[in-house]
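Undergrad: Residue numbers (the numbering used here), protein chains in the order written: chain A, 1 to 341; chain B, 1 to 341; chain C, 1 to 629; chain D, 1 to 629. Here a beta-carbon is modelled for each residue, glycine too, at the ideal position from N, C-alpha and C. Computed from a predicted model, the values in this text were never measured in an experiment. Just passing along the structure, written as structure tokens.
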Amino acid sequence: MNEVTKIAPATKPDDWASDQEVRWCPGCGDYAILKAVQRTMPELGAEPHNTVFISGIGCSSRFPYYLETYGFHTIHGRAPTIATGVKLANPELDVWIITGDGDGLSIGGNHMLHLVRRNLDCQVLLFNNEIYGLTKGQYSPTSRTGTRSPTSPAGSLERPVKPCAFALGAGGRFVARTIDTAQKHMPEVLKRAYTHKGTSFVEIYQNCVVYNDGVFEQFTDKKSAATTQIWLEDGKPMLFANGSKGLHLNRETLRLEVVDVVDGDTSEVIVHDETNKAVASMLIDMPFPEFPVALGVLYCDPATSFDQAMEEQEVKVVGDKVADFNALLRRGQSWEVKGER
Amino acid sequence: MNEVTKIAPATKPDDWASDQEVRWCPGCGDYAILKAVQRTMPELGAEPHNTVFISGIGCSSRFPYYLETYGFHTIHGRAPTIATGVKLANPELDVWIITGDGDGLSIGGNHMLHLVRRNLDCQVLLFNNEIYGLTKGQYSPTSRTGTRSPTSPAGSLERPVKPCAFALGAGGRFVARTIDTAQKHMPEVLKRAYTHKGTSFVEIYQNCVVYNDGVFEQFTDKKSAATTQIWLEDGKPMLFANGSKGLHLNRETLRLEVVDVVDGDTSEVIVHDETNKAVASMLIDMPFPEFPVALGVLYCDPATSFDQAMEEQEVKVVGDKVADFNALLRRGQSWEVKGER
Amino acid sequence: MATAAKEPSAGNGARVETVQRESVVVRFAGDSGDGMQLTGGQFTLSTALAGNDLATFPDFPAEIRAPQGTMFGVSAFQIHFGSSRIDTAGDQPDVLVAMNPAALKTNLPSLRKGGLVIADTGEFGTRNLQKAHYAANPLEDGSLAPYQLLAFDISKQTLESVKEFGLGNKDALRCKNMWTLGLALWMFGRKRAPVIDWLKVKFGSNELLREANIAALNAGHAYGETAELSGPLKQFRLEPAEAEPGLYRTITGADALALGLVAGAKLSGLPMFFGGYPITPASAILHALARLREFDVTTFQAEDEIAAIGATIGAAYAGNLAVTSSSGPGIALKSEAMGLAVMTELPLVIINSQRGGPSTGLPTKTEQSDLYQAVYGRNGDCPMPVIAARSPSDCFDVAIEACRIALEYMTPVMLLTDGYIANAAEPWKVPEAHDYTPFPVHFHEDMPESGKLNPYLRDPETLKRVWVKPGTPGLMHRIGGIEKSYDTGNIDYSDTNHQKMTDTRKAKIDGVARTIPLQAVEVGNDHGPLVVVGWGSTYGPIRQAVEHVRNQGHDVAHIHIRHIWPMPSNLGALLKVYDKVLVPEMNTGQLKTLLRDQFLVDAKPLNKVSGQPFRIAEIEAAILGMLNQ
Amino acid sequence: MATAAKEPSAGNGARVETVQRESVVVRFAGDSGDGMQLTGGQFTLSTALAGNDLATFPDFPAEIRAPQGTMFGVSAFQIHFGSSRIDTAGDQPDVLVAMNPAALKTNLPSLRKGGLVIADTGEFGTRNLQKAHYAANPLEDGSLAPYQLLAFDISKQTLESVKEFGLGNKDALRCKNMWTLGLALWMFGRKRAPVIDWLKVKFGSNELLREANIAALNAGHAYGETAELSGPLKQFRLEPAEAEPGLYRTITGADALALGLVAGAKLSGLPMFFGGYPITPASAILHALARLREFDVTTFQAEDEIAAIGATIGAAYAGNLAVTSSSGPGIALKSEAMGLAVMTELPLVIINSQRGGPSTGLPTKTEQSDLYQAVYGRNGDCPMPVIAARSPSDCFDVAIEACRIALEYMTPVMLLTDGYIANAAEPWKVPEAHDYTPFPVHFHEDMPESGKLNPYLRDPETLKRVWVKPGTPGLMHRIGGIEKSYDTGNIDYSDTNHQKMTDTRKAKIDGVARTIPLQAVEVGNDHGPLVVVGWGSTYGPIRQAVEHVRNQGHDVAHIHIRHIWPMPSNLGALLKVYDKVLVPEMNTGQLKTLLRDQFLVDAKPLNKVSGQPFRIAEIEAAILGMLNQ
Ligand SMILES: Cc1ncc(C[n+]2csc(CCOP(=O)(O)OP(=O)(O)O)c2C)c(N)n1
Ligand SMILES: Cc1ncc(C[n+]2csc(CCOP(=O)(O)OP(=O)(O)O)c2C)c(N)n1
Ligand code: SF4
Ligand code: SF4
Ligand SMILES: [Mg+2]
Ligand SMILES: [Mg+2]
């Protein structure tokens, strides 16, 4: 559905800002994401009145109120279900789902699984701050083991779920990862997500200044970014640290390793193939800080979207059948009771 | 928790059969699974009174009624949640979860995700018949695209979820696959699942003779099994077709290929490393019939189980604190109102 | 056929008598595999074609296909038909067809003393007798003395009748149900042609099975015709029932509901979106609609009930006539989302096909115990209209009414039906689309002067809010489950606003009473010593019971409530003029609570919670008991 | 302090007057970041230590930390204290401390005419005035004429008081709340020592902040002491309130509930399993229990509310005292699983901390609108006891009672509290464990003669079924949500059995009425022209209102119901002897429905659904209005 129009954008970022006061905590990473989205929408050639933002419940899920589009702030964890109904009822609409690590992966995990599996044509932006913000800081399914919070005073015990790994396991066809402060990269990722037909799953590392400040610092910190982040590009060797390091697949152990790139020789470095799911799962599973954090489009292998398949089947099934309602009522064996009885 | 006792089994298969009439359709694959479980329990050295089978709703979920153990036939999709409470309340119990493709992956997908992520020490047997049996044959999340059923008269549109891929994406530490009729292999898989500490996720292909008869025939058929199935063994090269074929990883494309094994030379064939997640996901994703169906223990990489972590933290936190209730009531600042006022 | 003469239990040349009857109840019972539901269905059709009024009650096991010969594997189909008005499937069968011992064992208790048992001796071997926990063969030990018995080897008869086709024994025996149907058709003087037509369609290209089944049908019929039986085998003659002229068909509640929803969509001019998740006994509606795409119906099988209602809420938001359907446990799961629909004031039809509860309960049995849940089962002050269907054909009209209310008031509406209605069939005078007044929908598209749309802009009459479809230029707005300002639609936690919105939500739903019909009295006077008040599928037995006691000279009335919430505006006044109010329900007294709360009338409950419909006699007894107090 | 003399608004040498008061209402209001909740909390403690009775009402925004100076970011804390019995946080503040324009704007409406406003002029700059939508500065434009105004630069005062510590401006200003608290302590003649102790603990090693805050506190106090202010600044003197001798502490409802549950576990001798999922305002209970592991408490944060109740059902099955907790939307999600607990007859305590609804509603506001859901919100006939807490400290006793009923009857029990009770604090006479009778649990372990355990083996008295822990040798059995045989516990769909089990489930819960106290009359006579019937957190305002009208000579009584379902056996008879029944509720009339249905009394509703507690005056007016009808 979504092609990025090449022509000059018809809207300006301000056209995408609603008149509502933004109510996030000062310094919250959500502001940066809001800014990036408002900046990107015009470049996508999207139209406010044909755009619907659907969210669940959480700080992140307040997002739709601040956009001058159609918006539905639904209930906790259920945004994917409402989005499914909206898109099936009107495939012409651009549907965006805004969710958090709790909304999308705790209470909403099942709907996320089936949304991704069905490959409904929409964009999912999952704001991962590894915490329940709105309810005042309890640990979430993405919180690292040992996270201390009101509900885990001695540290959380569970191992966190990796949103992108989950999306892959669910059969996702587009999986990407970015950072709230990556104002240069995020728009690129958003564009890819928008143009991808099907469910585009985008995890955004988002800093909660109040309850989880700095959890991502180690790799989001701009100073060390070169060595702590690896931005993937399809068809390009997996290089980072300004090309001085790369990712290599050990042919014996069949596992990734970091190798030094000596005077530009990247022969040992694997090339990013967006359609290789197994490698994508390796990239997602890379432990930090032994490995850099993989960012950008990790996996993209388009397939028919649910709404498109539905439309196509509709055409096929209905064909030139005429919808004769009175005939329908009379289907099957019936009998006449004569007047003169 | 679970070590398989080497000593002569203290129970016989019959000790594990309840007095209830089995009510599945004649010829249902569930009978075979029931038989295999009843045959295996004695060999595990398990005790009926320390064993709890917990299920959701579905034909498969009737399973607990037929076992002479503690059993809880709960509600649709929620077995993992009840199991979590049972195990945390009494870690001494052997907890088994019986579920179906609808119960465990449609309505119950979120609980399955979190059960597996938390790595609760239990065994999950997911009876996958790619259909909703009990409700009379609607397609399920594992049904292949195009499946015709009462709710998909023109064929289902969604791409199926692969239970094992889902379990891996959820962070599962033990993922295995077997077949209802594999009476030789299934007990082996069940033993591995039982001895694995943590959530052991076992998918069992199960034939629904009434609503989905023969969906697995192509690869379950004993006659062609040698070429259509590959049973994996840790540390062994991935061979099938009686050793005449094997799986090879193309170092260029980084994808699997089937290679012929010429006079026993398996150098090109990769060796199964149960701890290699990425390879496991490749095995799960292998398309049939181009590739054989991977069976046995596909992935096993133990980690602390949720219940164990809980117990350990408990000890650490409580330490030698004394539980003085009256002191608890008086915590914080308080004041005395004197009698003589 | 020659074979008939050889039939052992036949004999001494007496001619079969024919008896005139006003109504008869027949029950077919056999193994899940014996095809009793098909037999019943076809017998129903032939009965309808013969012009009798009728009501049916399919009663099948929870198990998909239980092991052969077991008691829990017995499947039964009961039909009550006659030359006068028929409202129920009948308290007690006059004729019981028992295809095996288990069927006899489980169904005999309901048979009228003196009733006729037709049994297939071929199935009464030791093995089957054991499975039915019979020590001795009941066909021989005289234990059936209180009844008339016609026992002979139907299996053998069937095998011989299809011998020529050389079917395997298993397939050949599968024709037993057609043989039996043939005999039944003969007993009631029915034509075989329509059944034969149906068999031709059913087996289509499979000539062998088609011809074999037809042969069996004919053989069964001929058996009655020619076998000169002494004793119990009678032929019954029933006059056709009086009926309004017109075109008729038989219909089940599930099918009528599906058609009614399509009608609702047609009358509103909207496409329909139906989101469901399979559950007994609600699935049939989803199945029926999945085949009606050409009527602009989209069906969506969701991952669970929450997703099902979530998707319908989304579809409603996008401008469709949105419908979701389940039964008790699934409705419970939807309750949080219903609150969202109430809060965002989106139109939605929520269907509950009630079954035995609580929890998983008795999935294949019928009950009315979800009324509390429908009216009160949500968090917060969360008013929602609730209406209930009384019979299979009534489902059609009730579905249309549910769509009308949802769209005219921008509100979710709960439609209650139950397992009995869903599966039961009755004759239905097929309406025409133009018999119903359309209720076209207007989507809001005009630009507000302010330039800012208030999504809670209301119709001063109905208080319904505007419905703005996403995609409408210039009217972008945000809605959600958090309380919103009455004046702007923005988030508003202020006390005055919450009070105002709460009052408005209540006033809007209370106002629905202005567009629903006043409550009528079904039977009897609009005042008197006793009124029996019912709702839903108790309609039949209540009506019959009331008519019986009226025929005995008692001034008793019957009021049947379709609009459970809000209630008709005249209902309170109406009830107060009766001395006593009796409320029979298949629950522990739920409508009773509403009546007492709303009207402070001393409504007395009559409760039956057994998974089985009321018998006329049970209600009759309660009425007489109450009159004599 | 020298500074005081320089203080502009200080002056003409008049000595500050001291007034005697029986009770005073003070409201602290400021930015979310101003620490008003801490100020209020400490002021509450000093008030308690001074021997006054009190009630508090923290009123904070939904936003975590809204942008500075905004109106929706205002956080307030109200305390009502006095020398006589205090039941509510007070209708109207006598003193309003407004730390910025937004705080003044949003809180002024509730201030008593003639009340005192203390405002920090330092925050009334243009920027902040705009954020509060003030055209002109209210401190200067005379718009506060109807009130007494004390406006001076608290910010400046604070900065000077902590100058010596060389804090950054931001940190220095953070001490404002302590400066203000110091002034407040002086106004009411309170000791600073306990607050200083608390500051020492709070800032511990951080000497700088600790000393700065103490200095600010002292400065504020000294300001009152020394500043010779004309006009409004008064010192209030309140006598200590009468109180039973004993040890007291202040406690919030959430903490009292947590402690009550621990007590319940102790009295039953069972370990506690608490499964929850965060939700406002229920989370506080989970937070409190998560820190009490040494009391054999296991807390589990589940993935959602369904998993939370699922896990507690599992823990109950395994032999724990199982508790789950949520608020409206989460309780809605639990309703299907509640049915399973009812069907399997497992003990469970389900806590609902009610908030404004429907749907997401007003998460941080209080309401009583989940009573319908508690009593009726499940599929099938699904009876469950429901009890409600009336005040913060009452939560302790109610929690114990909920545990007792759950265990003595093997049933889930719903405990209703609300957002007001959860956050409000009041003095509590600390009990001793031995003040309560234990209710030890007996797990069934004896082998049945038959060799087959019937899990539905019942106590003939209470009808509770046996509780058999998995792990018990020889008693292996299966339970589930499908209807089971009364006699064997095996699956049983038969009509007679379902009727019997339905009747038994109902009889068991009805029977709970035999072990609960008879309904007492709180205030007034056990008969008369009018009784006001309430439940839950309306206790305070109802009681006060009734006492007010009684003081005016009206014979009005107050009945407050703890046991919502089943109700005390004498309640019906009790209500019938009053001429009129008034039922104030923070919903649209839910208890009213129960009373009318159960007792056919003409209970008249008084409903307030604004997210705010009732004011005494509102109920008083309604009583007088009803008396004059
Ligand atoms: C049914 C239901 N359960 C629980 C809640 C309480 N709740 C609101 S938001 C939230 C979690 C938010 O976490 P996340 O999705 O990560 O969003 P964030 O605030 O971190 O952006 C919870 C538990 C709710 N509103 N509804
Ligand atoms: C809440 C709820 N929703 C729906 C159902 C109806 N239902 C029972 S079993 C089932 C699906 C069973 O499929 P599966 O889990 O694959 O089990 P199978 O019968 O195939 O073994 C459904 C939808 C139910 N019992 N409860
Ligand atoms: S709590 Fe955290 S996530 Fe929520 S608004 Fe504040 S900073 Fe952002
Ligand atoms: S329906 Fe299918 S799965 Fe269910 S019992 Fe019958 S054969 Fe087995
Ligand atoms: Mg979060
Ligand atoms: Mg299945």
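Give me the chain A residues within the contact set of D:A290, using Cβ-Cβ distance strictly less than 8 angstroms, ordered along the chain.
TA: Within 8 angstroms Cβ-Cβ: P150, T151, S152, P153.
Undergrad: Considering just the uninterrupted stretch of the alpha helix (DSSP H) at B:I230, what are its terminal residues?
TA: Where B:I230 is concerned, there is no enclosing alpha helix (DSSP H), although the beta strand (DSSP E) it sits in stretches over 229-232.
Undergrad: Which residues in the same chain have their Cβ closer than 6 angstroms to the Cβ of C:L518, if we skip the five residues on either side of it in sequence?
TA: For C:L518, where only same-chain residues beyond five positions count, the Cβ hits under 6 angstroms are P568, N570.
Undergrad: Give a single yes or no on whether B:H111 has its beta carbon closer than 8 angstroms to a heavy atom of ligand 2.
TA: Not under cutoff, so the answer is no.
Undergrad: I want to see whether chain B comes within less than 9 angstroms of C:H287, judged by CB atoms only; does it?
TA: Yes - at least one Cβ of chain B is within 9 angstroms of the one on C:H287.
Undergrad: Give me the Cβ distance between D:I564 and D:A388, rounded to the nearest whole Å; I'm assuming they're in contact under 8 angstroms.
TA: At roughly 6 angstroms, the Cβ-Cβ gap stays under 8 angstroms, so D:I564 and D:A388 are in contact.
Undergrad: Taking Cβ to Cβ, would you say D:E414 is nearer than 9 angstroms to D:R465?
TA: The question names Glu, but residue 414 of chain D is Met in the sequence shown. Cβ atoms of D:M414 and D:R465: not closer than 9 angstroms.
Undergrad: Report the residue from D:A288, D:V531, D:A374 whose alpha carbon sits nearest the alpha carbon of D:E632.
TA: No information on residue 632 of chain D is available, as it lies outside the stretch 1 to 629 that chain D covers here.
Undergrad: What's the C-alpha gap between C:T47 and C:L54?
TA: Answer to the nearest angstrom: the Cα atoms are 8 angstroms apart.
Undergrad: With distances taken from CA atoms, which of C:K500, C:N628, C:G51 is nearest C:D579?
TA: Selected option, being the one with the closest Cα: C:N628.
Undergrad: Please compile the residues from chain A whose C-beta is within a distance smaller than 7 angstroms of the C-beta of C:E432.
TA: Correct list: N326.
Undergrad: Let me check understanding here. Comparing Cα to Cα, which of D:A557, D:P347, D:D120, D:S155 lies closest to D:E634?
TA: Here chain D has residues from 1 to 629 only, and residue 634 of chain D is not among them.
Undergrad: Can you tell me whether D:N213 sits near ligand 2, meaning its C-beta is under 8 angstroms from at least one heavy atom of the ligand?
TA: False, no ligand heavy atom lies under 8 angstroms from that Cβ.
Undergrad: Cα-Cα, which of C:N423, C:V375, C:E239, C:V323 is closest to C:T366?
TA: Out of C:N423, C:V375, C:E239, C:V323, C:N423 has the C-alpha closest to the C-alpha of C:T366.
Undergrad: In chain A, which residues lie with their C-beta within 7 angstroms of the C-beta of D:S359?
TA: Here the neighbours are I75.
Undergrad: Taking the alpha carbon of A:E257 as the point to measure from, which residue in A:K236, A:M282, A:A278, A:G155 has its own alpha carbon closest?
TA: Comparing Cα positions, the closest option is A:M282.
Undergrad: Residue range of the alpha helix (DSSP H) that D:N454 falls in?
TA: Here D:N454 belongs to no alpha helix (DSSP H), and DSSP marks it neither H nor E.
Undergrad: Sorted by chain position, which residues of the same chain lie with C-beta nearer than 6 angstroms to C:D87's C-beta, five sequence neighbours on each side aside?
TA: Contacts found: G540, R543, Q544.
Undergrad: Rounding to the nearest angstrom, what Cα-Cα distance links A:Q218 and B:K277 in this structure?
TA: Cα to Cα, A:Q218 sits roughly 26 angstroms from B:K277.
Undergrad: Curious, which full-length alpha helix (DSSP H) runs of at least 4 residues does the stretch 524-599 of chain C contain?
TA: Listed in chain order, they are 539-551, 571-576, 590-599.
Undergrad: Please compile the residues from chain D whose C-beta is within a distance smaller than 9 angstroms of the C-beta of B:F72.
TA: Near B:F72 (Cβ distances below 9 angstroms), the residues of chain D are I313, G314, Y317, T344, P470, R478, I479, G480.
Undergrad: Using a Cβ-Cβ cutoff of less than 6 angstroms, which residues in the same chain neighbour C:T488 once the five nearest sequence positions on both sides are dropped?
TA: The answer, listed in chain order, is N454.
Undergrad: To the nearest angstrom, report how far apart C:P109 and C:A103 are at their CA atoms.
TA: Computed Cα separation, rounded: 11 angstroms.
Undergrad: Return the residues of the stretch 45-64 of chain A that lie within a Cβ-Cβ distance of less than 8 angstroms from chain D, sorted by chain order.
TA: The residues in question are I57, C59.
Undergrad: Listing by chain order, which chain D residues have their CB less than 7 angstroms from the CB of C:E630?
TA: The structure shown does not extend to residue 630 of chain C, since chain C is modelled only from 1 to 629, so the question has no answer here.
Undergrad: Can a CB atom of chain C be found closer than 9 angstroms to the CB of D:H634?
TA: Residue 634 of chain D falls outside the range modelled here, since chain D spans only 1 to 629, and no answer is possible.
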